[in-house]
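Worksheet: the structure to be examined is printed underneath.
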Amino acid sequence: MRLHLDASSKKVKNKLLSKAITTADMVIVGLDATDKADATRQLANRLVAAGRITDIETYLVAVAKREEHFPTGIEGGIAIPHAQSEVVTVPSVAVATSTSGVDFGAEDGKSNLIFLIAAPANGGSEHLEILGTLAYKVMDEDFRNELLNEKDPAVIAATLTREVQK
Amino acid sequence: MKFVAVTACITGIAHTYMAQAALEQAAKKLGHEITVETQGSAGVNPMKQELIDAADGVIFAVDLQVKGRERFAGKPFIELGVAKVIGGDKGVNVMNDFIAAIEAGTAAKVDGVAPAAPAAEEPKAEKPAGEKKKGFFGGLFG
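Residue numbers (this note's numbering), protein chains in the order written: chain A, 43 to 208; chain B, -15 to 126.
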């Protein structure tokens, strides 16, 4: 898999710019967080700044509620906190890589790759499909390593967008 | 072996699709075939009844009730929470245990009357069940 922004992925990116599920400003490389609530808040702040959610507290409550039901940390160093809420304006994902990791309740320890998913309450099914594709893709170890090893937020955003919105 | 599976989680956003990936990876690793129907918030594409009829076993990785469960009537099955197949070798282990149960003849069978088996060639024969399903899935969203 190529890490670089080649011509075709640029084209895809431009075509979908208005509704790309993530952009460079929603990516945190080297996240430093005390716990999962802190990590989730830092990522949610990026969603607010990008205009993807209108009310951070409402959204965080929904995410926390989902986490209570069952933690979203998954073996393999991933966490995928998520919520569907009316305060989400555009289906989005904020991404963080973390060397030290954050405890999201995975059985094998901390999560180094965190995807905070925001789904609108009334999202069309094609939007929800994009988020589903992301969740599906996250199970691909090569894809995860590609994201984990990348230091440039723009490349991470482009890689993600390319893979789930093609 | 041939498997069919249904995955569904509470929000229908993430785990439904992660479980799909996990089960597909497990089947690939073990050299089996699997078709997964995701019952998520993005909607449901019911799998063909022929696939179910041809399956040796059914895996329900669900936190919710399976929609259209009657389609699987009579098939050996295993049912567990969606997270039980996601991560590490979980999917592989679940599949291996299930295969052992199928081979030993100890696997539970899905309740109900099996869909009219070999007559599946005749599309008319499946019509009533199909019609019923439509209503079922129509109300699924959300």
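Don't be surprised by glycine CBs; every beta carbon is placed ideally from N, CA and C.
If you measure between the beta carbons of residue i and residue j, is that distance less than 9 Å?
| i | j | result |
| --- | --- | --- |
| A:Ala136 | A:Leu89 | yes |
| B:Pro133 | B:Ile86 | There is no way to answer for residue 133 of chain B, as the model of chain B reaches only from -15 to 126. |
| B:Ile(-3) | A:Ile159 | yes |
| B:Val46 | B:Ala(-8) | yes |
| A:Thr139 | A:His124 | no |
| A:Leu170 | B:Gly96 | no |
| B:Ala5 | A:Ala177 | yes |
| A:Ala161 | A:Gln207 | no |
| A:Gly119 | A:Asp80 | no |
| B:Lys0 | B:Thr22 | This sequence places Thr at residue 0 of chain B; Lys is not what is there. Yes, the pair counts as a contact, with Cβ atoms nearer than the cut-off. |
| A:Ile70 | A:Pro195 | yes |
| A:Ser142 | A:Lys152 | yes |
| A:Val132 | A:Phe157 | no |
To the nearest angstrom, how far is the alpha carbon of residue i from that of residue j?
| i | j | result |
| --- | --- | --- |
| B:Gly72 | A:Asn164 | 34 Å |
| B:Glu3 | A:Asn87 | At residue 3 of chain B the sequence reads Ala, which differs from the Glu that was named. If you take the alpha carbons of B:Ala3 and A:Asn87, they lie about 29 Å apart. |
| B:Ala103 | B:Ala(-11) | Caution is warranted here: a pLDDT of 45 is assigned to B:Ala103, below 50, making its placement in the model unreliable, and the coordinate value is therefore given only provisionally. Each residue's alpha carbon lies about 23 Å from the other. |
| A:Ile172 | A:Arg204 | 11 Å |
| B:Phe(-13) | B:Glu63 | 13 Å |
| B:Asn77 | B:Leu14 | 10 Å |
| B:Asp81 | B:Gly65 | 15 Å |
| B:Gly52 | B:Glu17 | 22 Å |
| A:Thr175 | A:Leu202 | 10 Å |
| B:Met79 | B:Ala11 | 8 Å |
Quick one: does residue i have its CB under 9 Å from some CB of chain A?
| i | result |
| --- | --- |
| B:His(-1) | yes |
| B:Ile83 | no |
| B:Ile18 | no |
| B:Gln49 | no |
| B:Gly72 | yes |
| B:Gly52 | no |
| B:Ala45 | no |
Mind checking residue i: buried by the 16 CB within 10 Å criterion, or exposed?
| i | result |
| --- | --- |
| A:Asn154 | buried |
| A:His111 | exposed |
| A:Thr76 | exposed |
| A:Glu109 | buried |
| B:Phe75 | Looking at the sequence itself, residue 75 of chain B is Gly, so the reference to Phe does not match. It counts as buried. |
| B:Gly41 | buried |
| B:Ala38 | exposed |
| B:Ala26 | buried |
| B:Ala67 | buried |
| B:Thr90 | exposed |
| A:Gly72 | exposed |
| A:Ser134 | buried |
| A:Thr65 | buried |
| A:Lys107 | exposed |
| A:Lys78 | buried |
| A:Ala104 | buried |
Using a C-beta cutoff of 9 Å, does residue i count as contacting chain B?
| i | result |
| --- | --- |
| A:Thr114 | yes |
| A:Val129 | no |
| A:Val103 | no |
| A:Ala161 | yes |
| A:Met207 | As written in the sequence, residue 207 of chain A is Gln, which differs from the Met given in the question. So, not an interface residue. |
| A:Thr64 | no |
| A:Ala148 | yes |
Between residue i and the ligand NAP, is the CB less than 8 Å from at least one heavy atom?
| i | result |
| --- | --- |
| A:His124 | For the structure depicted, the ligand NAP is absent and the ligand set is empty, with no information on it obtainable. |
In chain order, which continuous runs of the beta strand (DSSP E) of length 3 or greater are located wholly inside the region 69 to 150 of chain A? Fully enclosed beta strand (DSSP E) runs of 3 or longer: 69 to 71, 124 to 127, 134 to 144.
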